[in-house]
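To start, the structure under review is shown below, and the notes come after it.
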Amino acid sequence: MEANDVWYDNAVAYQVDVATFYDSNDDGIGDFPGLTSRLDYLRQLGINCLWLMPFHPSSEQDDGYDVIDHYGIDPRFGSFGDFAEFLDEAKVRGIRVLMDLVVNHTSDQHPWFQAARQSKDSPFRDYYIWEREPKDHQRDKLVFPDRYDSVWKYDEATGEYYFHRFHDFEPDLNHGHPAVRDEVRRILGFWLALGVSGFRVDAAPFLIWPKGPAQHFDDPHEYLRKLRRHAVRYGSGAVLLGEANVAPDKLGEFFGNGDELNQLFNFLGAERIFLALARQDVGPICQLSDLLPDLPPGTQWLNFLRHHDEFSLEWLSEEERQEIFQAFAPDPSMQIYGRGLRRRLAGMLDGDQARIRLALSLLFSRSGSPMLFYGDEIGMGEDLSLPDRYPVRTCMQWSDEASAGFSKAPRKCLTRPVLEKGPFAFDKVNVTVQWLDPNSQLHWVRRLIEVRRACPELGLGQHEVLECDGGSGVLAETFYLDSGRVVCVHNLKDQPCTVRIQDQALAGKHCFDLLRRKPHDASADGELVVDLEAYGYCWLRVGSIFAPTEVGATIASAIAEAPRSQKSR
């Protein structure tokens, strides 16, 4: 397997909503020319993978996830020419592009559904799931149980009910129907041929889980295997990144034998990091090695702290959820669906720079690929006056100019508000002011990404938790390949501490603090002493200040050692 087949294995990703990133024509809506004009910013930040939220024509009721045309570009965001130029310019800068694949459902305004509801004999009827008289409301399958009482919505046109897991204006597609599977393959091929590097597969489990007798597979995962085989026809590096927030014992099924989804979001990792921060106890993070499945060859985790949806606490106990609510979302307005938080990273941590940097250091030192949500590099906050999941989806804050430098359109024309008041207001938190400040969070994140990309051991190496005398609030870990070793130490406590680590692999070795650019050697008998401030951290390269001799060769070697066990990573 060539190294570029698994380019995603150690990439640094960035999630962006075209609509809220940068407006080039002053109509109040972000667009592809605007995003293209900001690619140099992303390159200088160190990003080499962009995940784009939906940009297709939609009914504009669910932030683009209510798709009307899977082959189109919403004209508000630009033309196909603008999109092609964006892809070309991203490629020149070494940035891969992933896009949302929203095929669990469509808008009820989609031509397929409009045809399906015209007649029970329509060839599109079986694209969706219908019942004459549903016997079970299946409330446990609803994504928004506070909004709906049933997964079934009555359609007057034909006098039957259609199935919807999400909103009632988003009827679910029937992936048990061969014609739907063919449509999905055509959609993949269309965008891969245009030059995207892959897809974030929205609601991946729902594509293969039962939706009544209509959606049935003899082997559900064969569908995912066929999608993967179809994708790699357009390039061996094509990625299917799955949104699969499922029980821990089901996660491995979506990797298959390395022949289904290439990557999965590490929802468990995000939950456990915040539970550890709430308790100031590293135990929840250490438990991940027992919770996560082993990785088959050619697969990887995508680690994150926040994205555009609620921060999900799905797999924590009720007691653990309450711990996180109390620590990071004490007001009910900050909570949603009884299972999540509608806050950004900086808001959850009260804008405390020490804790924000600790959390990001924990994220970037996990095995797998890290991802940032747009604006988290500068510490943007949320707008809790917005409904549902929208508080974290405000416009990017570029400067202290009107409308945060996002657009010159009148404020009333903006696609989403900008934060104007409070500690996270755009006059206080923006790219320009932080770019000019070498001690800002933005420059610290740039340094973190730079170091991370030079440390293949972190993304790809074997992993061990080291014993130390720092107590339950200190996490000491080593990540190693044959050609290099990195030790990371984090203090989750609100008090400074001195940490002593004993490891024979460190005996007599020179160590170098990568983030602070200074030596930090171990003793002849393998003792490493680290002084950490409250919420402090350090990354130490062992034996050399340089990355392994040839990063590409190291990555290829690491892949050859797969499968990689979470027990030893």
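So for the sequence shown, the numbering used here puts the first residue at 815; every next one is plus one.
Cβ coordinates follow ideal geometry from the N, Cα and C atoms, glycine included.
Close Cβ partners of residue i (< 7 Å) along its chain, the five nearest in sequence each way excluded
i     : result
K1307 : Q1094, G1287 and A1348
V994  : Y941, L987 and N988
A777  : Past the edges of the chain, shown from 815 to 1383, lies residue 777, and the structure says nothing about it.
F1178 : P1184, L1262 and R1266
E1067 : H1035
N862  : A825, V826, G908, I909 and R910
V1060 : P1019
W1258 : R1171
6 Å Cβ shell around residue i - same chain, five flanking residues per side excluded
i     : result
S1050 : D819
G1219 : W1212 and S1213
I1315 : L1280, C1282, A1290 and L1342
W821  : G1051
P948  : W966 and Y975
P1237 : G1165
Residue i (DSSP reduced to helix, strand or coil)
i     : result
R1086 : helix
A1028 : coil
V911  : strand
R1314 : strand
E1341 : strand
Q1136 : helix
L1065 : helix
F977  : strand
K1307 : coil
N1253 : coil
K1242 : coil
D1104 : helix
N1059 : coil
S1126 : strand
P1302 : Looking at the sequence shown, residue 1302 is not Pro but Cys. Three-state result, C1302: strand.
P871  : coil
W758  : Since the first residue of the chain shown is 815 and the last is 1383, residue 758 is not available in this structure.
G1003 : helix
H1121 : coil
V1265 : helix
D1327 : strand
R931  : coil
E1291 : strand
Y828  : strand
L1116 : strand
R1014 : strand
Q1248 : helix
8 Å CB neighbourhood of residue i in its chain, flanking five on each side removed
i     : result
R1153 : E1124, S1126, L1127, E1128 and R1135
K1332 : F1326
I882  : H870, P871, S872, S873, T920, S921, Q923, H924 and P925
P1310 : D1345, L1346, E1347, A1348 and G1350
A1321 : A1336, S1337, A1338, D1339 and G1340
L901  : V911, L1008, G1009 and V1010
D841  : R890, S1221, A1223 and C1227
V1046 : A1052
G1097 : A1090 and S1286
Inter-residue CB distance, residue i and residue j (contact presumed, cutoff 8 Å)
i     : j     : result
V830  : L853  : With 8 Å as the limit, V830 and L853 do not qualify as a contact, their Cβ atoms being about 11 Å apart.
L912  : V1053 : 6 Å
L1163 : D1190 : About 11 Å; that fails the 8 Å criterion.
V965  : H981  : Wrong, their Cβ atoms sit about 11 Å apart, outside the cutoff.
W1115 : S1181 : 7 Å
P868  : D914  : 5 Å
V1354 : V1301 : It should be pointed out that residue 1354 corresponds to Leu in this sequence rather than to Val. Indeed, because the Cβ distance is near 4 Å, the residues count as touching under 8 Å.
L1102 : L1082 : 6 Å
G1112 : G1072 : 5 Å
Residue i, buried or exposed, once every other Cβ within 10 Å from all chains shown has been counted against 16
i     : result
N1117 : buried
H1030 : exposed
S1221 : buried
T1208 : buried
P985  : buried
V906  : exposed
R1086 : buried
S893  : exposed
N1253 : exposed
Q1255 : buried
R946  : exposed
E1074 : buried
P937  : exposed
**Request:** Report the residue ranges of all alpha helix (DSSP H) runs contained in full by the segment 834 to 864; include only those spanning at least 4 residues, in chain order.
**Result:** Complete alpha helix (DSSP H) runs here, min 4: 846 to 851 and 853 to 859.
**Request:** Entirely within the segment 1150 to 1185 and at least 3 residues each: give me those beta strand (DSSP E) ranges in chain order.
**Result:** Within the segment 1150 to 1185, no complete beta strand (DSSP E) run reaches 3 residues.
**Asked** Mind pulling the alpha helix (DSSP H) runs of 4 or more residues that sit fully within the segment 941 to 987?
**Response** Listed in chain order, nothing qualifies, since the segment 941 to 987 has no complete alpha helix (DSSP H) run of 4 or more residues.
**Asked** At which residue ranges does the segment 1181 to 1230 contain complete beta strand (DSSP E) runs of 3 or more residues, listed in the order of the chain?
**Response** The beta strand (DSSP E) runs of length 3 or more contained entirely in the segment 1181 to 1230 are, from start to end of the chain, 1183 to 1187.
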